[in-house]
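Asks:
This is how it looks when you write it as structure tokens:
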């Protein structure tokens, strides 16, 4: 994930750049309960894939929890991430009222999810020789393009 800071409601948040096993398992469980399907359909364009992930995230009612899982208050730091901190972050973000904050949150949803899966799943795909989770060429291409676009 990019090391960019995000200011929401006057507080600074940083992305969870180096996750722990607990973090990975918590996130994957949460994404599963949210019903997110990160497999790109055969006829799905990269734009359609991104739009679907965004729609699934918002419709699941788990968007705030997912954001809370993928970033942490700067004063807590990445090493201070816990499921409880994720819930606190989600609660803080959920109470924001400002239009600028709302716009930032909407933008964060997809970018944080894509960054996590680009970085996190890449390591899973390469480290589990017998895993049933394998990226397709189109998924790898999409995630690489998404990361390049987010970095610019």
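Numbering (this note's numbering), first residue to last: 12 to 163. We put the CB at the ideal spot given by N, CA and C, even for glycine. All values reported here derive from a predicted model rather than from experimental measurement.
1) Are the stretch 52-66 and the stretch 91-100 touching by the rule of at least three beta carbon pairs closer than 8 Å?
2) Given this structure, state the Cα-to-Cα distance separating residue 181 from residue 79, to the nearest angstrom.
3) Can you give me the start and stop residues for the alpha helix (DSSP H) that residue 103 sits inside?
4) Is there contact here, the stretch 36-53 with the stretch 101-118, by at least three beta-carbon pairs under 8 Å?
5) Which one of 81, 98, 102, 101 has the shortest CA to CA distance from residue 16?
6) DSSP on residue 49, reduced to helix/strand/coil?
7) What's the C-alpha gap between residue 99 and residue 74?
8) Would you tell me roughly how many angstroms separate the C-alpha atoms of residue 56 and residue 113, rounded to the nearest one?
Replies: Let's see:
1) Contact between the stretch 52-66 and the stretch 91-100 is absent, because fewer than three Cβ pairs lie under 8 Å.
2) The displayed coordinates of the chain run from 12 to 163. Any statement about residue 181 would go beyond what the structure contains.
3) 94-105 is the span of the alpha helix (DSSP H), which, as asked, contains residue 103.
4) No, the stretch 36-53 does not touch the stretch 101-118.
5) Distance from the Cα of residue 16 is smallest, within the candidate group 81, 98, 102, 101, for 81.
6) Reduced to three states, the DSSP call for residue 49 is coil.
7) So the alpha carbons of these two residues sit roughly 14 Å apart.
8) Cα to Cα, the separation comes out at about 27 Å.
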